[in-house]
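Chains as they are written, first to last, in my numbering: chain A, 1 to 299; chain B, 1 to 378.
Written out as structure tokens, the structure is:
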């Protein structure tokens with residue numbers, strides 16, 4: 001499957017006038033994944049940045065049908081859509097649930113786990129901007145160690161980021177992938193593949209957020225790339241239990257080098273209160289994870 | 001169809017599973033991981049155009065609370081059974097109606113059944129009502145008292161039901177053929193669409209839901225009448241009455257406790273007390289005009305309730321007083337909280353409360369207080 005930027009679906013599914021912030025990583029990711037999923041798709045989303053992106057009634061910039069639901073219920077909503085379509089004998093529609101890390105890691109993990117265990121025929125997308133960004137940058141269980149948020153304003157976050165991707169992998173899904181809008185071809189290819197597979201597919205998008213992470217809006221792609229190049233984020237896919245590194249993570253693995261996380265950390269205001277100890281702990285955590293994934297990819 | 005098992009609803013979710021797996025019932029059954037998801041599945045499946053059903057009890061209903069509002073706000077014709085059970089803490093698996101009564105203001109129609117025949121007939125009626133007014137309907141019946149007892153019932157004929165209940169025609173279907181974002185964010189004001197048409201704001205949508213509830217009164221009464229004509233069974237529209245034509249003492253309640261008041265009425269009548277019963281079948285929309293008519297000749301009213309609004313009195317009693325205010329019905333209203341957490345309610349206890357009310361009419365003054373039936377109060 002060799003895609004390049006000239007082979008991407010030219011049609012746009014987000015019209016001008018979205019209410020997302022300048023430099024929003026989510027909007028970029030959303031644009032490319034909708035291009036990959038194409039028509040005959042139904043989305044469901046919770047209260048989130050994505051809900052804000054969809055605009056104020058009665059106007060929306062998004063041309064894909066979309067059902068809003070409550071914060072804890074995104075995957076259950078997709079279950080309902082899938083069951084309804086099955087009952088009405090409409091099997092060809094791709095059902096997609098898309099939520100942020102707040103809804104996915106925290107309040108919505110129960111309904112997500114339930115829908116995944118039932119192997120509901122849908123794609124679940126978590127766009128992970130590492131905090132409750134829509135409500136004003138509060139801590140989530142996806143926030144990394146040492147990050148300042150409005151609910152960890154003085155001491156920074158004292159705990160490591162939860163490894164939700166591993167939790168989802170434990171559901172033994174037919175397809176699971178991590179990706180980033182900093183690498184749109186990687187993202188596009190993975191969604192093209194996910195669309196062709198049946199059952200629960202879990203897609204994790206690392207989504208840089210200028211106001212939440214406190215970096216200039218022009219740097220979204222650069223921050224997204226640094227996340228991968230430092231090993232903070234690893235691009236891979238797991239298909240029928242087989243893990244494969246992809247894109248930049250794959251070339252880094254073959255060349256055997258990654259940059260120190262300070263390159264990533266120092267460019268973001270959210271880490272300005274991070275201690276040296278926290279930095280070292282986070283570096284050790286990143287190194288251990290990177291080695292784990294390298295071993296798994298080789299094995 | 002989606003359900004999460006909870007006592008005393010559990011047998012219902014088991015039997016429906018058997019119907020679906022055995023091919024007797026053509027449906028998708030989603031065995032969800034909780035009641036919040038059960039209601040969500042119903043909401044989303046209904047949004048794409050399917051007819052849906054769920055059932056729950058007690059804490060399961062409370063766990064759905066957020067989605068009850070969401071279902072009503074979405075104007076979806078969802079039908080749900082609530083098998084009434086007391087709520088924790090402390091735990092009780094036994095019957096009262098605190099679960100559904102505490103969900104009174106979620107924007108659902110609530111119908112309370114008094115026997116097993118009425119349950120099956122009301123579920124059929126509920127779809128026809130919900131699909132006309134686009135308000136979800138909760139069919140409530142007392143746990144164990146009705147859910148775990150048996151009586152011979154007539155199972156309505158399939159073809160006859162099909163005629164009574166035409167296929168569901170949704171007002172909006174979420175579909176790629178007609179893409180739209182449903183339930184997006186609203187600001188406090190009305191807003192123009194791209195064609196320059198001023199569209200509803202949040203408050204207009206809330207007004208329309210309330211207006212639909214006003215219409216629902218007629219729809220519920222008409223549906224009951226149409227059902228009676230087709231199937232020969234009349235369960236009453238918004239209320240039902242027993243011996244109220246000449247009744248001076250009128251007892252009222254919802255569900256099986258009102259049925260027990262019928263037995264109490266027979267006891268009192270045998271003693272020469274002119275008693276009667278008004279059964280509140282529909283709690284929301286509140287049958288405001290029906291109760292004025294039904295209680296117009298009453299000298300004393302007793303409201304028996306298996307729920308309480310803490311800090312005041314039973315919610316039914318408050319609603320009843322509000323409906324009768326300024327209508328010329330000045331009979332004293334005695335409020336009894338009864339049968340909480342499955343405490344047995346006997347017709348003779350209701351009759352005794354009736355005798356006390358009659359005694360109080362002889363010159364004694366009545367205090368505005370809630371009495372606790374068959375409860376040790378120190």
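Glycine is no exception: its CB is placed at the ideal position from the N, C-alpha and C atoms.
Contact belief for residue 294 of chain A with residue 261 of chain A at Cβ below 8 Å, rounded distance in angstroms
Stepping through the first chain from its first residue, residue 294 of chain A is reached at position 294. Stepping through the first chain from its first residue, residue 261 of chain A is reached at position 261. Rounded to the nearest angstrom, the Cβ distance from residue 294 of chain A to residue 261 of chain A is 17 Å, too far for a contact under 8 Å.
According to a CB-to-CB cut-off of less than 9 Å, which residues of the segment 56 to 69 of chain A neighbour chain B?
Taking 9 Å as the Cβ-Cβ cut-off, the segment 56 to 69 of chain A approaches chain B at 56, 57, 58, 59, 60, 62, 63, 64, 65, 66, 67, 68 and 69, given in chain order.
What first and last residue would you give for the beta strand (DSSP E) that runs through residue 110 of chain B?
For the purposes of this step, residue 110 of chain B is identified with residue 110 of the second chain, where counting begins at 1. That run of the beta strand (DSSP E) goes 109 to 112.
Count the other CB atoms within 10 Å of the CB of residue 127 of chain A; is the residue buried (16 or more) or exposed (fewer)?
The count along the first chain starts at 1 and reaches residue 127 of chain A at position 127. That one is buried.
From A:31, A:125 and A:9, pick the residue whose C-alpha is nearest to that of residue 108 of chain A; which is it?
Your numbering for residue 108 of chain A matches position 108 in the first chain. Closest by alpha carbon: A:125.
Under 8 Å between beta-carbons, which chain A residues line up against residue 45 of chain B? List them in chain order, please.
Indexing the second chain from 1 puts residue 45 of chain B at position 45. Residues of chain A passing the Cβ test: 80, 81, 83, 84 and 87.
Taking DSSP as the reference, what is the three-state secondary structure of residue 234 of chain A?
Residue 234 of chain A sits at position 234 when you count from the first residue of the first chain. Reduced to three states, the DSSP call for residue 234 of chain A is coil.
How many angstroms separate the CA atom of residue 1 of chain A from the CA atom of residue 291 of chain A?
As a working note, residue 1 of chain A is residue 1 in the first chain. As a working note, residue 291 of chain A is residue 291 in the first chain. Residue placement at residue 1 of chain A is poorly supported in this model, since its pLDDT is 45, which falls under 50; the coordinates still yield a value, given next. Here the alpha carbons of residue 291 of chain A and residue 1 of chain A stand approximately 27 Å from one another.
Answer with buried or exposed for residue 56 of chain A, where buried requires no fewer than 16 other C-beta atoms within 10 angstroms of its C-beta.
Translated into positions along the first chain, residue 56 of chain A becomes position 56. Only exposed fits residue 56 of chain A, as fewer than 16 other CB atoms lie within 10 angstroms of its CB.
Going by C-alpha to C-alpha distance, which of B:22, B:71, B:179 and B:370 sits closest to residue 400 of chain B?
Missing from the structure shown is residue 400 of chain B; chain B here goes from 1 to 378 and no further.
Would you give the residue range spanned by the beta strand (DSSP E) that residue 302 of chain B belongs to?
As a first step, residue 302 of chain B is located in the second chain; it is residue number 302 there, counting from the start. 300 to 305 is the extent of the beta strand (DSSP E) around residue 302 of chain B.
Compare the C-beta of residue 372 of chain B against all C-beta atoms of chain A and say whether one is closer than 8 Å.
Within the second chain, residue 372 of chain B is the residue found at index 372, counting from 1. It does not; no Cβ of chain A falls within 8 Å.
Range of the contiguous beta strand (DSSP E) that encloses residue 175 of chain A
Numbered from its first residue, the first chain carries residue 175 of chain A at position 175. Counting along the chain, the beta strand (DSSP E) containing residue 175 of chain A begins and ends at 175 to 179.
Which class does residue 21 of chain B belong to by DSSP, given the choice of helix, strand or coil?
Within the second chain, numbered from 1, the residue matching residue 21 of chain B stands at position 21. If DSSP states are grouped into helix, strand and coil, residue 21 of chain B belongs with the helices.
In terms of DSSP beta bridges, what is residue 155 of chain A paired with?
To locate residue 155 of chain A, count along the first chain from 1; it is residue 155. DSSP lists no bridge partner for residue 155 of chain A.
Mapping the DSSP letters down to three states, classify residue 180 of chain B as helix, strand or coil.
Numbered from 1 along the second chain, position 180 holds the residue referred to as residue 180 of chain B. In this structure, residue 180 of chain B counts as coil in the three-state DSSP scheme.
So is residue 153 of chain B buried or exposed if we call it buried at 16+ other beta carbons inside 10 Å?
Position 153 of the second chain, counted from the start, is the residue given in the question as residue 153 of chain B. Result: exposed.
Looking at chain A, is there any beta carbon in it that lies within less than 8 Å of the beta carbon of residue 320 of chain B?
Here residue 320 of chain B is taken as the residue at index 320 of the second chain, counted from 1. Not one beta carbon of chain A lies nearer than 8 Å to the beta carbon of residue 320 of chain B.
Residue 138 of chain A, DSSP secondary structure in three states:
Along the first chain, read from residue 1 onward, the residue named residue 138 of chain A stands at position 138. Under the three-state reduction of DSSP, residue 138 of chain A is assigned to strand.
So is residue 1 of chain A in contact with chain B if we call contact Cβ pairs under 8 Å?
By 1-based counting over the first chain, the position of residue 1 of chain A is 1. Since pLDDT at residue 1 of chain A reaches only 45, below the 50 mark, its modelled position is unreliable, and the value read off the structure follows with that caveat. Answer no: the Cβ-Cβ gap between residue 1 of chain A and chain B never drops below 8 Å.
Length of the line joining the Cα atoms of residue 241 of chain B and residue 170 of chain B
Along the second chain, read from residue 1 onward, the residue named residue 241 of chain B stands at position 241. Along the second chain, read from residue 1 onward, the residue named residue 170 of chain B stands at position 170. Answer to the nearest angstrom: the Cα atoms are 35 Å apart.
If you pair each beta-carbon of the segment 97 to 111 of chain A with each one of the segment 62 to 76 of chain A, do three or more pairs fall below 8 Å?
With a cut-off of 8 Å on Cβ pairs, the segment 97 to 111 of chain A is in contact with the segment 62 to 76 of chain A, counting three or more such pairs.
Neighbouring residues, chain A, relative to residue 229 of chain B (Cβ below 9 Å):
Your numbering for residue 229 of chain B matches position 229 in the second chain. Simply none; closest approach about 31 Å.
Flag this pair as yes or no: are the beta carbons of residue 82 of chain A and residue 171 of chain A separated by less than 8 Å?
Looking up residue 82 of chain A in the first chain gives position 82. Looking up residue 171 of chain A in the first chain gives position 171. No, the Cβ-Cβ distance between residue 82 of chain A and residue 171 of chain A is not below 8 Å.
From A:9, A:165, A:141 and A:154, residue whose alpha carbon lies closest to that of residue 243 of chain A
Residue numbering aside, residue 243 of chain A sits at position 243 when the first chain is read from its first letter. Among A:9, A:165, A:141 and A:154, the Cα nearest to that of residue 243 of chain A is on A:165.
Would you check whether the ligand ZN has a heavy atom nearer than 7 Å to the C-beta of residue 279 of chain A?
With respect to small molecules bound, the structure shown includes none, and the ligand ZN cannot be examined in it.
Is the segment 96 to 105 of chain B touching the segment 9 to 24 of chain B, taking contact as three or more C-beta pairs under 8 Å?
The segment 96 to 105 of chain B, when compared against the segment 9 to 24 of chain B, does not touch it at the 8 Å Cβ threshold.
Less than 7 Å between C-beta atoms, sequence neighbours within five positions excluded: which residues of the same chain meet that for residue 315 of chain B?
Position 315 of the second chain, counted from the start, is the residue given in the question as residue 315 of chain B. So the list reads 101, 104, 307 and 309, once near-sequence residues are dropped.
Going by beta-carbon coordinates alone, are residue 38 of chain B and residue 9 of chain B separated by less than 8 Å?
Walking along the second chain from the start, residue 38 of chain B turns up at place 38. Walking along the second chain from the start, residue 9 of chain B turns up at place 9. Residue 38 of chain B is not a Cβ neighbour of residue 9 of chain B, given a cutoff of 8 Å.
So within the segment 284 to 352 of chain B, which uninterrupted beta strand (DSSP E) runs reach at least 3 residues, ignoring any that extend past its ends?
Runs found: 300 to 305 and 333 to 337.
Would you kindly report the start and end of the unbroken alpha helix (DSSP H) that includes residue 227 of chain A?
Stepping through the first chain from its first residue, residue 227 of chain A is reached at position 227. For residue 227 of chain A, the enclosing alpha helix (DSSP H) begins and ends at 220 to 229.
Given that a residue counts as buried once 16 or more other Cβ atoms are within 10 Å of its Cβ, and exposed if not, what is residue 317 of chain B?
Residue 317 of chain B sits at position 317 when you count from the first residue of the second chain. Buried.
8 Å is my cut-off, CB to CB: does residue 265 of chain A come that close to chain B?
In the first chain, the residue the question calls residue 265 of chain A occupies position 265. Not one chain B Cβ lies under 8 Å of residue 265 of chain A.
Chain A contacts made by the segment 48 to 59 of chain B, where a contact means CB separation under 9 Å
So the close ones are 48, 49, 50, 51 and 52.
Backbone CA spacing between residue 134 of chain B and residue 75 of chain B [nearest angstrom]:
Stepping through the second chain from its first residue, residue 134 of chain B is reached at position 134. Stepping through the second chain from its first residue, residue 75 of chain B is reached at position 75. Going by the C-alpha atoms only, they are around 5 Å apart.
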